[in-house]
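One structure below.
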DNA sequence: AAGAGGCCCTGATAGC
DNA sequence: TGCTATCAGGGCCTCT
């Protein structure tokens, strides 16, 4: 699930729990992530103090008391867990699954306040990478579109981007060069909120449609952040306030269920658009 | 050069 | 119960 809202929630947790903590040790159980977790990462980060944690799109950037940054990307299945000294998961600071899984804990960071940060990732599509201070001008950041929550994601920008293109709305919202941070789940939910069907192409958009896409993108993502992001599987929350947005999905995964829009007689349909599942209501999304 | 498709990898689930 | 097939939230690369 790691899309923008989940990374934003994780960022806030990490900031709260790890800011000004010193890394004492990094244990690597499996370095074979999407890119190898190299020895130089461990060497560079040893004894460094975390000064800040920021988010760009679906990426986390950890800042230290020296010029290099640590880029973290969770891929499709990565999760981060903070454990306290009794090895108990600390309440407000985890992402996506309630308990530390037994398998696939690949990287463990040890901190001087006796907490541990564990990186778990069954599919190993995620990765860690050291960045230099000019990182914003290099890949992957140099080719990302604006953050959907930022002012740069506005009517003129969208209008200009889609001019002379022929692409469907689902692909558009998931194109990180267009807008960065929206993935499959939220693309489906945003288009439902706009009453626009995912296969509609951008050349048929009215001004009102464009304004709506911008407004609903911000609204859906902000709401997801407010609810602590989404978790599809095995989610149990002992505080009742983290990661429950999946209960609020209108269309994602709701195949053959009745459309939740008041008065709409439609049933949610699933179609495949460029190899990804798309869910929508054929009655109210036109 | 925009856009489509394959692929990296493991686990959960469905169907037989 | 145990096999096989299918599908999964991302993004990079290659091909047309």
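In the working numbering, the protein residues as written are 890 to 1175.
The C-beta atom is built at its ideal place from N, Cα and C for all residues, glycine as well.
Quantities reported herein were computed from a predicted structural model and do not represent experimental measurements.
Residue i: buried (16+ other C-beta within 10 angstroms of its C-beta) or exposed?
i	result
residue 1175	exposed
residue 940	exposed
residue 1045	exposed
residue 1097	exposed
residue 1125	With a pLDDT of 37 at residue 1125, under the threshold of 50, the modelled position of this residue cannot be trusted, and the question is left open.
residue 1115	exposed
residue 968	buried
residue 1123	Since pLDDT at residue 1123 reaches only 37, below the 50 mark, its modelled position is unreliable, and the value read off the structure follows with that caveat. Exposed, by the Cβ-count rule.
residue 1075	buried
residue 1161	exposed
residue 906	buried
residue 1169	buried
residue 1093	exposed
residue 1001	exposed
residue 1083	buried
residue 1034	buried
residue 1032	exposed
residue 1152	exposed
If you compare alpha carbons, which of the options is closest to residue i?
i	options	result
residue 1020	991, 1149 and 933	933
residue 964	891, 1038, 998 and 901	891
residue 1134	945, 1117 and 1032	1117
residue 1163	1048, 1063 and 1101	1063
residue 1077	1138, 990 and 1032	1138
residue 1036	1168, 948 and 1152	948
residue 961	989, 974, 972 and 996	996
residue 945	908, 974, 921 and 896	896
residue 930	904, 942 and 957	957
residue 900	1042, 1156 and 952	952
residue 904	917, 942 and 935	942
residue 1040	1100, 898 and 950	1100
residue 1165	917, 1072, 1079 and 1102	1072
residue 1110	1147, 1038 and 935	1038
residue 994	950, 916, 1049 and 902	916
For the beta strand (DSSP E) that contains residue i, what are its first and last residues?
i	result
residue 1165	1165-1169
residue 1077	It is not in any beta strand (DSSP E) - residue 1077 instead sits in the alpha helix (DSSP H) that spans 1073-1083.
residue 994	994-1000
residue 1006	1005-1009
residue 914	912-917
Assuming residue i is part of the alpha helix (DSSP H), what are its boundary residues?
i	result
residue 930	928-934
residue 1101	1096-1115
residue 1088	Element bounds for residue 1088: n/a, residue is neither H nor E.
residue 944	Counting along the chain, residue 944 falls outside any alpha helix (DSSP H), though it belongs to the beta strand (DSSP E) covering 939-945.
residue 1051	1044-1051
Below 8 Å on the Cβ atoms is my guess for residue i versus residue j; work out the distance and round it to an integer in Å.
i	j	result
residue 999	residue 1005	6 Å
residue 938	residue 954	5 Å
residue 1112	residue 1087	Not a contact, Cβ separation roughly 20 Å.
residue 959	residue 1017	6 Å
residue 973	residue 1022	Rounded, the Cβ-Cβ distance is 32 Å, inconsistent with contact.
residue 1158	residue 1171	5 Å
Would the beta-carbon of residue i be found less than 6 Å away from any heavy atom of the ligand COA?
i	result
residue 1018	No copy of the ligand COA occurs in the structure displayed, which carries no ligand at all.
field: Any 3 or more C-beta pairs closer than 8 Å across the region 906-916 and the region 1048-1068
entry: As far as the Cβ criterion goes, the region 906-916 does not touch the region 1048-1068, which means the pair count is below three.
- prompt: For the 8 Å Cβ check, are there 3 or more pairs between the region 1142-1149 and the region 925-932?
  reply: no
field: Three or more C-beta pairs below 8 Å linking the region 1064-1081 and the region 1101-1109
entry: In this structure the region 1064-1081 touches the region 1101-1109; the number of beta carbon pairs closer than 8 Å is three or more.
query: Counting pairs of beta carbons, one from the region 1023-1041 and one from the region 993-1013, are three or more of them closer than 8 Å?
result: no
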